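Written out below as structure tokens is the structure these notes cover.
Numbering (the UniProt record's numbering), first residue to last: 1 to 528.
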């Protein structure tokens, strides 16, 4: 049994009705030494937590919600977890949440040899379940002794509409219930389907907590939906707002789109938030838009897809890096001032070439001596190079216009090398001895990885579209959970085998060496 367990509760993403079951389960794991709960407790829907907080003497950590889509409670929980870990007093953490935002936190704690127990509802995604030391799915039915019998969750007075419209958690949850259910061409969703989805995915938000007996009454008062009735069937849809949306669905002209500041601001912020090496992953870009600007949709401007809309605006460019991968950025404006060389002028710089040679020799991962732009650009930046000092916006442009540097596309990725390869050292495998390679490729594990090559490749690319960084050890720990036990004996040797497999078989991906670990590097758009 563990000695010291810290419990961290995300009040917005788990129901207070499950708390007895959760504490009973944690009691079988070890001794509870810290109990904290996070949320904006000025919100009416969290008032139902009060009796549980008193009953279990949970330390309340209030976090005010300042804007729609931003959850300061999640950030506070993660920061506190790291602080508690560094005290050295806890050997396990229980993260009570159905939110996927804590995957990175759980990974970091696991890397520090801390056990992480996850508690969440049925909707919790499998990635969070797998990254925990153990995950417990809380029962769908509420526990029977959550609070005293004389407690009341329904306020004596109804919360007025002006206060309800300031409750961003409630608004986002209601809108999510419409957005994530099948609608007709005009945006109408069957109310019964919406209500079922809402109750299943947001059990902590109860209309009784706002003084309304039924969800339908709450919707009617908050007035963010259009409601219609056909025969005996009720339909709802999100109302459009004059401040950010047009009054019709006819396609807007490019000039009108470019001058519509709410739309342009939303697109630019979503790009900048996900920017890496000058480009933003398109899936991450649209996800950020959906989460932070839910009232801005391409259909409001006469388009069914975000790609068609942003390309019509004319201020942004989209790059199809692979059949399933898109990138987006603001259009680049060429700089023809006298202070910077023109793009077609070649750069001759011996020190730059010497440093490129050093970088290639330090991480020569390919038999043909080519190095990925992601790694090469990052290392040049670490050596205090800035492409703008040479008159270019990106390292890709700089390298394409440097004498002595050559470029080629390999499976949609940009790779660079030197035209004079006489000083490039033979390939090294860093942690792997070349003499061991054949032994590793002959193992049952390598053959199993090879058999599932496409699935592994697609899973890595899927995770790279969601998370800023993904290192090989984290992914290997997730992957190894699905492999037969007899193949998981020597953890480090198996990880080495996995690294060799990625290098030899998954040519769309590259690895960046960082101290004692590797980071996956996704294929980038064209360097020019």
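Positions of the beta carbon are idealized from the N, C-alpha and C atoms, including for glycine. Bear in mind the structure is a predicted one, so any value in this text is a computation, not a measurement.
- Kindly indicate the opening and closing residues of the beta strand (DSSP E) around residue 301. Segment: none, residue 301 is in no beta strand (DSSP E) and carries neither H nor E.
- Could you check the C-alpha separation between residue 125 and residue 23 for me, to the nearest Å? So the alpha carbons of these two residues sit roughly 22 Å apart.
- Query: Does the Cβ-Cβ distance between residue 98 and residue 123 come in under 8 Å?
  - Reply: Their beta carbons are under 8 Å apart, which means residue 98 touches residue 123 by this criterion.
- Message: Below 8 Å on the Cβ atoms is my contact criterion, and I expect residue 26 with residue 58 to pass it. Report the Cβ-Cβ distance as a whole number of Å.
- Response: Contact between residue 26 and residue 58 is ruled out by a C-beta separation of about 12 Å, above the 8 Å threshold.
- Message: Quick check: the region 7-23 against the region 36-51, are at least 3 beta-carbon pairs closer than 8 Å?
- Response: Contact between the region 36-51 and the region 7-23 is present: 3 or more CB-CB pairs across the two stretches fall below 8 Å.
- Exposed or buried, what is residue 379 when buried is set at 16 or more other beta-carbons lying within 10 Å of its beta-carbon? Buried, since its Cβ has 16 or more Cβ neighbours within 10 Å.
- Message: Out of 229, 211 and 303, which one is the CA nearest neighbour of residue 222?
- Response: Looking at the Cα atoms, 211 is the closest of the given residues.
- Query: Under the rule that 16 or more other beta-carbon atoms within 10 Å means buried, what is residue 160, buried or exposed?
  - Reply: That one is exposed.
- Item | Inter-residue CB distance, residue 254 and residue 296 (contact presumed, cutoff 8 Å) | Between residue 296 and residue 254 the Cβ distance is about 17 Å, and since that is not below 8 Å, they are no contact.
- Item | Entirely enclosed beta strand (DSSP E) segments - the region 276-330, minimum 3 residues | Positions of the beta strand (DSSP E) runs, each at least 3 residues long and wholly inside the region 276-330, are given as 279-281, 316-322 and 325-330 in order along the chain.
- Query: Of the choices 62, 497 and 306, whose alpha-carbon is the least far from that of residue 441?
  - Reply: For residue 441, the closest C-alpha among the options 62, 497 and 306 is that of 497.
- Task: Could you say which of 271, 389, 172 and 381 lies nearest to residue 331 if we only look at CA atoms?
- Result: Nearest C-alpha to residue 331: 271.
- Item | Any 3 or more C-beta pairs closer than 8 Å across the region 188-197 and the region 124-138 | By the Cβ rule, the region 188-197 does not count as touching the region 124-138, because fewer than three pairs are nearer than 8 Å.
- Apart from the five residues just before and just after residue 164, which ones in its own chain have a Cβ nearer than 6 Å to its Cβ? Taking residue 164 as the centre and dropping the five residues before and after it, the same chain places the C-beta of 222 closer than 6 Å to its C-beta, in chain order.
- Message: Would you call the region 192-211 in contact with the region 43-53, where contact means no fewer than 3 C-beta pairs closer than 8 Å?
- Response: The region 43-53 and the region 192-211 touch, with three or more beta-carbon pairs separated by less than 8 Å.
- Task: Return the Cβ separation of residue 326 and residue 282 in integer angstroms, given the expectation that the two are a contact with Cβ distance under 8 Å.
- Result: About 3 Å separates the beta carbons of residue 326 and residue 282, which is inside the 8 Å limit, making them a contact pair.
- Message: In this structure, how does DSSP classify residue 43 when only helix, strand and coil are distinguished?
- Response: Here residue 43 sits in coil by DSSP.
- Taking residue 161 as part of the alpha helix (DSSP H), name the residues at either end of that continuous run. Residue 161 -> alpha helix (DSSP H) spans 161-164.
- Query: With 16 as the cutoff for other CB atoms within 10 Å, does residue 79 come out buried or exposed?
  - Reply: Residue 79 counts as exposed, since fewer than 16 other beta carbons sit within 10 angstroms of its beta carbon.
- Message: DSSP three-state label for residue 30, please.
- Response: In the structure shown, residue 30 adopts extended strand secondary structure according to DSSP, grouped into three states.
- Item | As assigned by DSSP and simplified to three states, the class of residue 394 | Coil, per DSSP.
- Would you mind working out which of 263, 32 and 158 sits nearest residue 207, comparing C-alpha positions? The shortest CA-to-CA distance from residue 207 to any of 263, 32 and 158 is the one to 158.
- Looking only at C-alpha atoms, which of 28, 118 and 89 sits nearest to residue 103? Ranking 28, 118 and 89 by Cα distance to residue 103 puts 118 first.
- Alpha carbon to alpha carbon, how far is residue 76 from residue 291? Give it in angstroms, no decimals. In a straight line, the C-alpha of residue 291 is about 19 Å away from that of residue 76.
- residue 111 versus residue 91 - alpha carbon distance: Rounded to whole angstroms, residue 111 to residue 91 spans 13 Å at the Cα level.
- Query: Skipping 5 residues on each side, what residues in its chain have a beta carbon closer than 7 Å to that of residue 286?
  - Reply: Hits under 7 Å: 306.
- Message: Do residue 352 and residue 402 count as a contact pair if the criterion is CB distance below 8 Å?
- Response: At the C-beta level, residue 402 and residue 352 come within 8 Å of one another.
- Item | DSSP bridge partner residues for residue 115 (one or two, in chain order) | Bridge pairing for residue 115: 92 [DSSP].
- Message: How far does the alpha helix (DSSP H) with residue 267 in it extend, from its first residue to its last?
- Response: Annotation for residue 267: the continuous alpha helix (DSSP H) segment containing it runs 261-273.
- Return the CA-CA distance between residue 263 and residue 6, expressed in angstroms with no decimal places. Their backbone Cα atoms lie some 43 Å apart in a straight line.
- Exposure label - residue 394; buried when at least 16 CB within 10 Å: By the 10 Å Cβ count, residue 394 comes out buried.
- Roughly how many whole angstroms lie between the Cα atoms of residue 338 and residue 256? Bear in mind that a pLDDT of 43 at residue 338, under 50, signals an unreliable position, so the model cannot answer this.
- Does the distance from the C-beta atom of residue 329 to that of residue 278 stay below 8 Å? Yes, they are a contact pair.
- Between the beta-carbon of residue 108 and the beta-carbon of residue 33, is there less than 8 Å? Taking 8 Å as the cut-off, the Cβ atoms of residue 108 and residue 33 do not count as close.
- Out of 359, 215, 383 and 261, point me to the one whose CA is closest to residue 171's CA. When each option's Cα is compared against that of residue 171, the closest is 215.
- Environment of residue 3 [buried if 16+ CB atoms lie within 10 Å]: The Cβ neighbour count for residue 3, taken over all protein chains shown within 10 Å, is under 16; the residue is labelled exposed.
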